[in-house]
Amino acid sequence: MTSRNVLSRLIELTSNVSDAFTTALYVAQSDQRTLALREHWSMSSNINAESVVPIGQGPIGQVARDKRAWHEEFANGTIPELPQYTAHEEIKGVLAVPVVAQGLEGVLVIDTKEQFGFSTKQQKIIRSIAEQMAWHLSRERTLGGTGDNTGLANFHQVVEWCRTLSDVEDRSALSDRLVQVPETVSAVDAVAVIWFEGEQGRIQRFRGWKQELRALTVEMGKGFAGSCAKNRKPFLMRNTSDRKVVVFSEKERTELMGSLLAIPIMIRDHMHGMIVAGTHEPFGLSANDQDTWTLIAAFSANALKCAEIQTQWEYDKNLCQVTGIPNHRFLSTYIHAVENEIFREGGSVHVLTALMKNLHTIYSRYGVETGDLFLKQVISILAQAVSSPKYIFKYSESSVVMVLMDIDAGEARGLRTRLRQIFAQEAFTIDNEPLEAQVSLGLAFYPDDGDSLSALIGISMARASDN
Numbered sequence: 001m002t003s004r005n006v007l008s009r010l011i012e013l014t015s016n017v018s019d020a021f022t023t024a025l026y027v028a029q030s031d032q033r034t035l036a037l038r039e040h041w042s043m044s045s046n047i048n049a050e051s052v053v054p055i056g057q058g059p060i061g062q063v064a065r066d067k068r069a070w071h072e073e074f075a076n077g078t079i080p081e082l083p084q085y086t087a088h089e090e091i092k093g094v095l096a097v098p099v100v101a102q103g104l105e106g107v108l109v110i111d112t113k114e115q116f117g118f119s120t121k122q123q124k125i126i127r128s129i130a131e132q133m134a135w136h137l138s139r140e141r142t143l144g145g146t147g148d149n150t151g152l153a154n155f156h157q158v159v160e161w162c163r164t165l166s167d168v169e170d171r172s173a174l175s176d177r178l179v180q181v182p183e184t185v186s187a188v189d190a191v192a193v194i195w196f197e198g199e200q201g202r203i204q205r206f207r208g209w210k211q212e213l214r215a216l217t218v219e220m221g222k223g224f225a226g227s228c229a230k231n232r233k234p235f236l237m238r239n240t241s242d243r244k245v246v247v248f249s250e251k252e253r254t255e256l257m258g259s260l261l262a263i264p265i266m267i268r269d270h271m272h273g274m275i276v277a278g279t280h281e282p283f284g285l286s287a288n289d290q291d292t293w294t295l296i297a298a299f300s301a302n303a304l305k306c307a308e309i310q311t312q313w314e315y316d317k318n319l320c321q322v323t324g325i326p327n328h329r330f331l332s333t334y335i336h337a338v339e340n341e342i343f344r345e346g347g348s349v350h351v352l353t354a355l356m357k358n359l360h361t362i363y364s365r366y367g368v369e370t371g372d373l374f375l376k377q378v379i380s381i382l383a384q385a386v387s388s389p390k391y392i393f394k395y396s397e398s399s400v401v402m403v404l405m406d407i408d409a410g411e412a413r414g415l416r417t418r419l420r421q422i423f424a425q426e427a428f429t430i431d432n433e434p435l436e437a438q439v440s441l442g443l444a445f446y447p448d449d450g451d452s453l454s455a456l457i458g459i460s461m462a463r464a465s466d467n
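For the sequence shown, this note's numbering assigns the number 1 to the initial residue and increments by one for each residue that follows.
Here you go:
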């Protein structure tokens, strides 16, 4: 992982959360007239690695010019030729998002063959990733464009080490890395990593301090670290030998540090944490050290955001992106835990499967938005038809499984009858457009039809298919 740059990791992360066929990052060239393909991940053998797009021309060029996203689904109609391909690809949807920091940095383009378009939640995650790309590109351009020979002599080593932060999974792992910064990056005698929740911070990891710091609370506006947190700006005290400095809290024991530095870890304007570094010798820390630790803090913030997106994706992939209910992946992963819950007291358990036979037709004929609304209405009817306890799962593209508990077989059959009447008689309308609900129902009983959830789902699915 350490040899891969941040953009490549963000491209891969984008592909994972969006079920992408191709993810392509176009970067604005110095003349601000064209975009050039910089990074990509693709399942296609027809990638045009030399692709260049004039700003203002074509959908991608217009996204760059207007700085507004372009989202298109191709359930019907002609699929446009996309510049990242050398041959036509039968994609179902495309999303192009502007990558903007202070100005245009590029355009992130994602297409898919798995679904018609991208859900609102997917678009939100992708825009967040694009913001991280924008920060990295802006930082890269700014640092690369400076001709200041008084800058960091070890800049290459600093950046190479900072890149190792990209694979951290959480705050704890990041804290472990930050207290182990090698001397080739920054030679300090003490480091402490603080994480904030609201107005207070707690020290999670430290080295070089003689006292136990984890019991201390850092309050915004109080002490050296608290002042940095309140102002959200780096603080450097090159010589503290002539004064008594409260570093973290008034409850701390005084320790002699000749030079102190505090750097906030920020994501946008939100204060997440802080790094405090010190040397025993006065004037041991300089403006170059401040620049080094500012860069480390920026990479740390980027790593945290990537980890947050990854965690959110791990959570979201177990949910139906349209309705928010647990999906087949969740059921497959946690089926033993679900079975322990529903069978734990030996009560009555029944499985009702609703098979939406014309759902695919509705998506194809009316588009993604209408299909999603129809699916939500069907699940709402199922959820409201019976009180808790119950479990509802989006089992497949066109089926929903509902586990019924604490009702007898007669009540379960009565529920199936009522639902059949509702789906047969209730008029489904979306934007004044009448839609026919072809929903068939299958019911399986425990233990007569099976003694496991998988068996009951299989029987109920077969009965729904036969109706």
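A virtual CB, placed ideally from N, CA and C, is assigned to each residue, including glycine. On a predicted model such as this, the values are computed, not experimentally measured, just so you know.
In the three-state reduction of the DSSP assignment, S364 falls in the helix class. In this chain, the alpha helix (DSSP H) harbouring I422 covers A409 to Q425. Looking at the DSSP output, V193 bridges to R205 and I275. The C-alpha of T254 lies about 12 Å from the C-alpha of L213. Excluding its 5 nearest sequence neighbours in each direction, S138 has C-beta neighbours in its own chain below 7 Å: A101, Q102 and E105, listed in chain order. Taking C-beta atoms under 8 Å as the contact rule, I125 and V17 qualify, at a distance of about 5 Å. Look at T86 here: in three-state DSSP terms it is coil, with no helix or strand label. In the structure shown, the three-state DSSP call for G346 is coil. S119 and L304 have their alpha carbons spaced roughly 24 Å apart. Setting aside the 5 residues that flank it on each side, V168 is surrounded in the same chain by L174, R177, A303 and A307, each with a C-beta closer than 7 Å to its C-beta; the list follows chain order. According to the DSSP assignment, D111 belongs to the beta strand (DSSP E) that extends over L104 to T112. Ranked by Cα distance from A409, the first of G371, E140, D448 and S454 is D448. For A287, the secondary structure class from DSSP, reduced to helix, strand or coil, is helix. With a contact defined as Cβ atoms closer than 8 Å, V107 and I60 qualify at about 6 Å. E89 counts as buried, since at least 16 other C-beta atoms from the protein chains shown sit within 10 angstroms of its C-beta. By the Cβ rule, the segment 192–201 counts as touching the segment 217–229, because three or more pairs are nearer than 8 Å. Counting along the chain, A64 sits inside the alpha helix (DSSP H) bounded by residues G58 to D66.
Annotation for M266: the continuous beta strand (DSSP E) segment containing it runs S259 to I267. With respect to the 8 Å criterion, M405 and I342 are classified as neighbours on the basis of their beta carbons.
Going by beta carbons, L13 and Q310 fall inside the 8 Å limit. Between S15 and R238, the alpha-carbon positions lie close to 46 Å from each other. Taking each of P54, S259 and E39 in turn and checking the Cα distance to F283, the smallest one comes out for S259.
By the CB criterion at 8 Å, L456 and G450 fall inside the cutoff. Counting C-beta atoms within 10 angstroms of its own C-beta, R418 has fewer than 16 neighbours from the protein chains shown and is therefore classed as exposed. Bounds of the beta strand (DSSP E) holding H71 are W70 to E73. Cβ neighbours of Y395 within its own chain (closer than 6 Å, five residues either side excluded): H328 and V401. For G450, no beta strand (DSSP E) segment is defined, and its DSSP state is neither H nor E. Excluding five sequence positions before and after F74, the CB atoms of its chain that fall closer than 6 Å to its own CB belong to K92, given in chain order. Residue pairing for V403: DSSP places it in a beta bridge opposite V351 and Y391. A424 and G371 have their C-alpha atoms roughly 18 Å apart. The DSSP assignment places no complete alpha helix (DSSP H) segment of no fewer than 4 residues inside the segment 227–258. In terms of Cα proximity to W41, the closest of Q200, G56 and Q84 is Q84.
When rounded, the separation of the alpha-carbon atoms in L355 and K230 is 56 Å. When DSSP states are grouped into helix, strand and coil, M461 belongs to the helix group. A Cβ-Cβ separation of about 4 Å places G56 in contact with R65 under the 8 Å criterion. As the crow flies, the alpha-carbon of L82 is around 11 Å from that of I110.
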